[in-house]
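What follows is a short report on a single structure.
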Amino acid sequence: MSRAHTSGQKVAFLGATRGMGRALARQMAERGDALFLLGRDDEELARSASDLEARGAESVEHAHCDLEDPTSFGPALDAATEALGGLDTVVVTAGIFATQQALEEDSELLARLLRVDFTHSVLFCEQARRRLLAQGGGNLCVFSSVAGDRGRKPIVLYGASKAGLSRYLEGLDHRYRAEGLRVLTVKPGFVRTGMTAGLPEPPFAGDPEDVARSVLKAMDRGDAVVYAPAPWRAVMAVIRHLPRAVMRRVEF
Amino acid sequence: MTKRSKRGANGSRLSGWGRHSAPGSELKTENLERGSMDVPLSRGLGRSYGDSSLPPADKPVALNTTLADRILSFDTESGLLRAEAGLALAELNRLFLPRGWFTPVSPGTQYVTLGGMVAADVHGKNQHVDGDFGDHVTRLKMRVADGRVLWCGPEEHADLFFGSIGGMGLLGHILEVEFTMRRVPSQWIWQETERVPNIDAFEQALSAAAKDWPMTVGWIDCVAGGTSLGRGILMKGRWATASEAPKHAPRPKPRPRLPFDLPEWALGRLSVRAFNELYYRKHFRKETRGLVDPQSFFYPLDILRDWNRMYGRRGFTQWQGLLPRSAKSGAARRMLEILSARGGASFLAVIKDCDKAGVGTLSFPAPGITLALDIPMRDDTQALIDALNQQLLVEGGRIYLAKDSLTREEDFRAMEPRLEEFGRLREAWDPEHKLKSAQSIRLLGDSA
C-alpha cells in the first residue's frame with residue numbers, strides 16, 4: 003500500500019474557519035474525519051462546524067483558543083483530546099499576514115505578527131507535540147510559507163517569522179520522528195484567499211482546494227515538507243539558489 | 004480578513020458573462036455581514052450576462068460573495084437547507100446529488116451562487132411544474148440599506164422578501180439563503196429528444212410534452228429559414244428511477260479551459276450557420292432516448308469553461324424575452340423573423356414554456372414562452388435588440404434582467420408595469436438608493 007489508511011482520523015484544527023484551513027478541514031470532513039475546531043470567534047467556529055458536519059465529518063465540536071493568548075493553548079488541546087477520545091492529528095493554519103509596507107510602518111503590528119506567527123505558534127506546537135508524543139505519536143501539520151525560504155524584498159518581516167517557524171518544524175521532525183511524531187511543514191505559495199484578496203497576483207497562484215489536496219496527500223505519505231500549489235516547489239528551488247547579488251536586484 | 008482590491012483604484016474593470024466591462028473592483032471577504040456595510044451591490048460568480056452584477060460608476064466596488072460559502076444547516080427529513088449566499092450550485096450538487104438530493108430549480112449553468120439564484124429568481128427546465136428558485140426559498144438573511152441585518156420571509160418583512168426574489172440585489176444584500184432541497188430517486192436522468200421541424204410545431208410540442216414530462220427545453224436552429232424557421236431539438240427529461248439507473252454515479256467530466264479569445268470571425272455568420280446545420284443533422288434519428296448524466300442534461304455548456312471567450316474580445320449579449328399567453332399565436336415565430344431579417348446569427352437559441360408566475364415582485368417568468376438568443380456584440384447589435392424589444396412590446400412581453408445589456412430605459416419601463424410597485428419597495432427600504440448597479444442606472448433611472 004503506497005497510501006496510509008487515514009480516514010476516520012481524530013483531528014484538532016486551529017484555523018479551520020477561513021482560507022486554506024477551511025478548504026483542508028472540508029476535505030478532511032468529506033473523508034469522514036472527526037474534527038475539533040479551535041479558534042477565537044465562537045460564532046465563526048459554530049458556523050464552520052455546521053458546514054463540516056453537512057459535508058460528512060464524523061463529528062465536529064469546537065472550543066476557544068486564541069493564538070494571541072498562550073494560556074488558552076493547553077486547555078483547548080485538552081478539550082479536543084477528551085472530546086475526540088484521543089488525538090491523531092493536529093493542524094495549524096492560523097496566523098497573521100501583513101504586507102512589508104504595513105509592517106515597516108507599524109511596529110506594533112510587526113511585534114504582534116512576530117509574536118503570533120513565530121513565538122506563539124511554536125508554543126502551541128510544543129503543547130500539541132507533547133500530547134501527541136504522550137499517545138505514541140501522530141501528525142503535526144503546520145502552515146508556514148514559501149516566504150520563509152529566502153530573504154526576499156517584498157516579504158522580509160513576514161518571511162523572517164515563517165523562516166523561524168519552518169526551521170523549528172524541521173528540527174522537531176529530526177528530533178521526534180523516530181518516536182512516531184510526523185511533522186509536516188506546509189509551504190504555500192500565492193493562494194487566492196480572503197487574506198490575499200486585492201494583492202497583485204503572481205504567476206502560479208493557486209486555490210485553497212489545490213493546497214488542501216496536496217497537503218492531505220503529503221500527510222498520508224508521511225512527507226516532511228510540502229510546497230503547494232505544486233509549481234512552487236520548482237520556483238522556490240530556483241530562488242533558494244540565486245546568489246545574493248541577484249537577490250539584491252530582483253523585486254520578488 | 005477584509006481587503007479592498009487595489010486594482011479598482013487604478014483602472015480595473017469588472018464584467019458579466021457577456022464580457023463587456025465597466026470600471027469596478029471587488030471586495031472579497033468570508034464575512035458578508037462585515038463586507039456589506041458600505042458597498043452598493045453584492046455579486047457572486049458574475050454569471051449574469053450584462054451589467055446586473057456590475058457596481059455603479061460613482062461607487063465602483065461590489066462585494067464578492069464567493070468566499071462566504073458555508074452550509075449552516077441541513078434537515079435530512081425535510082430537505083430544508085440554509086447556507087451563506089456565496090455557496091455555488093456546483094458545490095451543492097457535488098455534495099448532495101450522491102446523497103439523493105438536488106436543488107429544486109436549476110438554471111442552465113451550475114456556476115452560480117445561491118444569492119445570485121435568488122436575486123435573478125432563476126428558472127430551469129422544470130419551470131412549468133416547479134416554478135422558479137424563489138418558489139422554494141423560505142427565508143433570507145439580509146443587510147438592508149439602513150444598516151440593519153434582518154431575516155425576511157413570507158411572514159416577516161414579506162415585502163422585502165418578495166421584492167428581493169428577482170430584485171437583482173437592489174433591496175438589500177443577501178447574506179444567507181434558506182430553501183428546500185428536493186429528494187431525487189437516482190443520480191441519473193432519463194432523457195428523450197426529438198426533432199421538431201419549425202417554430203410553430205415547437206410551441207405545440209413543448210406544451211404537449213409539458214403534460215408528461217417534469218423537465219423540458221428546446222434548442223432552436225435559428226439560421227434555418229422559410230418553412231424550417233425555428234426547427235430544432237426538443238429535450239424532455241425526468242429523474243431515472245432507482246431500478247432504471249446504473250448503480251454507479253456518473254463519472255465527473257474534465258472541464259477544459261478555452262485559453263484564449265477566439266477571433267471575431269470564428270462565430271461569424273457562416274460558422275454559426277454551419278454549426279447549427281451540423282447540430283441539427285447530427286441528431287439524425289428523429290428521436291433518441293436513454294440515460295444521461297445530470298451534468299450534461301442540466302449544464303451542457305459548463306463542459307467548456309470560459310465558453311464566453313468564443314465570442315472574442317467584444318463579447319456577446321443574450322436577449323431573453325417572455326412571450327405571455329396573452330400574445331397572439333405565432334409570437335415566437337415573429338421574434339425569429341426579426342432576428343433572421345436582420346441577419347442576426349444567434350449561435351445558441353433556447354425556447355422554454357413557462358406555466359408559473361414567479362413570486363417575486365420583478366420575477367421574470369410567467370405563463371407563456373421564453374425565447375433566449377445569444378447574440379455576438381457587433382456594431383448593429385443595439386439596433387437588433389431595439390427591434391426585438393419593439394416586437395416584444397407589441398406581444399405584451401418582458402425581458403430577463405439577468406441577461407440584458409442593451410435594452411433602453413424607455414422600452415424597459417413600457418414592458419414593466421410592475422416597476423411602480425418595485426419603486427415603492429425601494430422607497431421603503433432604501434430611500435436614498437444606496438443600493439444600485441450599473442444596470443439600475445441604465446434601466447431604473449438611478450443617478451450615476
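Chains as they are written, first to last, in this note's numbering: chain A, 3 to 254; chain B, 4 to 451. Glycine is no exception: its CB is placed at the ideal position from the N, C-alpha and C atoms. Note that this is a predicted model, so its numbers are computed, not measured.
{"query": "Rounded to whole angstroms, what is the Cα-Cα separation between residue 117 (chain B) and residue 128 (chain A)?", "result": "42 Å"}
{"query": "Are residue 64 (chain B) and residue 28 (chain B) touching if we call contact CB-CB under 7 Å?", "result": "yes"}
{"query": "Rounded to whole angstroms, how far is the Cβ of residue 442 (chain B) from the Cβ of residue 376 (chain B), which I believe are closer than 8 Å?", "result": "Contact flag wrong, Cβ pair sits at about 19 Å."}
{"query": "Going along the chain, which residues of its own chain have a beta-carbon closer than 7 Å to the beta-carbon of residue 58 (chain A), five neighbours each way excluded?", "result": "31, 32, 34"}
{"query": "If you run the structure through DSSP and keep just helix, strand and coil, what is residue 20 (chain B)?", "result": "coil"}
{"query": "Spell out whether any CB of chain A is found under 7 Å from the CB atom of residue 366 (chain B).", "result": "no"}
{"query": "Output yes or no for whether 7 Å exceeds the beta carbon distance between residue 130 (chain B) and residue 302 (chain B).", "result": "no"}
{"query": "List, in chain order, every chain A residue whose beta-carbon is nearer than 8 Å to that of residue 74 (chain B).", "result": "52, 53, 56, 57"}
{"query": "Any idea what DSSP makes of residue 435 (chain B), helix, strand or coil?", "result": "coil"}
{"query": "Taking the alpha-carbon positions, what's the residue 119 (chain A) to residue 36 (chain A) distance?", "result": "26 Å"}
{"query": "Going residue by residue through the region 93 to 171 of chain B, where are the continuous alpha helix (DSSP H) segments of at least 4 residues, counting only ones entirely within it?", "result": "117 to 122, 130 to 133, 161 to 167"}
{"query": "Below 6 Å CB to CB, which residues in the same chain sit around residue 352 (chain B) once its five sequence neighbours on both sides are set aside?", "result": "223, 225, 376"}
{"query": "Between residue 261 (chain B) and the rest of its own chain, which residues show a CB-CB distance below 8 Å, the 5 nearest in sequence each way excluded?", "result": "307, 308, 309, 310, 312, 313"}
{"query": "Tell me the residue span of the alpha helix (DSSP H) that contains residue 221 (chain A).", "result": "210 to 223"}
{"query": "Do you know how far the Cα of residue 206 (chain B) is from the Cα of residue 323 (chain B)?", "result": "16 Å"}
{"query": "Could you run through the region 4 to 35 of chain A and flag, in chain order, every residue whose CB is less than 7 Å away from some CB of chain B?", "result": "20"}
{"query": "Would you tell me roughly how many angstroms separate the C-alpha atoms of residue 218 (chain B) and residue 45 (chain B), rounded to the nearest one?", "result": "31 Å"}
{"query": "Under 7 Å Cβ to Cβ from residue 85 (chain A), same chain only, skipping five residues before and after it: list those, please.", "result": "38, 63"}
{"query": "Tell me which residues of the region 14 to 36 of chain B have at least one Cβ-Cβ distance to chain A shorter than 9 Å, keeping chain order.", "result": "28, 29, 30, 31, 32, 33, 34"}
{"query": "Does residue 105 (chain B) have its Cβ less than 7 Å from a Cβ in chain A?", "result": "no"}
{"query": "In whole angstroms, what is the alpha-carbon distance linking residue 202 (chain A) and residue 196 (chain A)?", "result": "13 Å"}
{"query": "Should residue 295 (chain B) be labelled buried (16 or more other beta-carbon atoms within 10 Å of its own) or exposed?", "result": "buried"}
{"query": "With DSSP as the reference, please indicate the residues paired to residue 238 (chain B) in a beta bridge.", "result": "B:196, B:220"}
{"query": "Taking only beta carbons into account, state which residues of the region 58 to 83 of chain B come closer than 7 Å to chain A, listed in chain order.", "result": "70, 73, 74, 75, 76, 77"}
{"query": "Just how far apart, CA to CA, sit residue 79 (chain B) and residue 370 (chain B)?", "result": "33 Å"}
{"query": "With H, G and I counted as helix, E and B as strand and the rest as coil, what does DSSP make of residue 344 (chain B)?", "result": "helix"}
{"query": "Would you say residue 49 (chain A) reaches chain B, if we count a Cβ-Cβ gap shorter than 7 Å as a contact?", "result": "yes"}
{"query": "Would you check if the distance between the CB atom of residue 355 (chain B) and the CB atom of residue 52 (chain B) is smaller than 7 Å?", "result": "no"}
{"query": "Return the residue from the list A:45, A:225, A:211, A:189 that minimises the CA-CA distance to residue 238 (chain A).", "result": "A:189"}
{"query": "With 16 other CB atoms within 10 Å as the buried threshold, where does residue 5 (chain A) fall?", "result": "Low confidence applies here, because residue 5 (chain A) scores a pLDDT of 36, under 50, leaving its location unreliable; read the following figure in that light. Exposed, because fewer than 16 other Cβ atoms sit within 10 Å of the Cβ of residue 5 (chain A)."}
{"query": "Please list, in chain order, the residues of the region 190 to 201 of chain A that have any C-beta partner in chain B closer than 7 Å.", "result": "196, 197, 199, 200"}
{"query": "Could you give the first and the last residue of the continuous beta strand (DSSP E) run that contains residue 84 (chain B)?", "result": "83 to 87"}
{"query": "At a CB-CB cut-off below 7 Å, which residues of chain A make contact with residue 100 (chain B)?", "result": "Under the 7 Å cutoff, chain A gives no residues; its nearest Cβ is about 14 Å from residue 100 (chain B)."}
{"query": "Counting Cβ pairs, one atom from each stretch, are 3 or more of them under 8 Å apart for the region 176 to 184 of chain B and the region 145 to 156 of chain B?", "result": "yes"}
{"query": "Relative to the C-alpha of residue 138 (chain A), which candidate in A:115, A:178, A:172 has its C-alpha closest?", "result": "A:178"}
{"query": "Within 10 angstroms of the Cβ of residue 247 (chain A), are there 16 or more other Cβ atoms? Answer buried if so, exposed if not.", "result": "exposed"}
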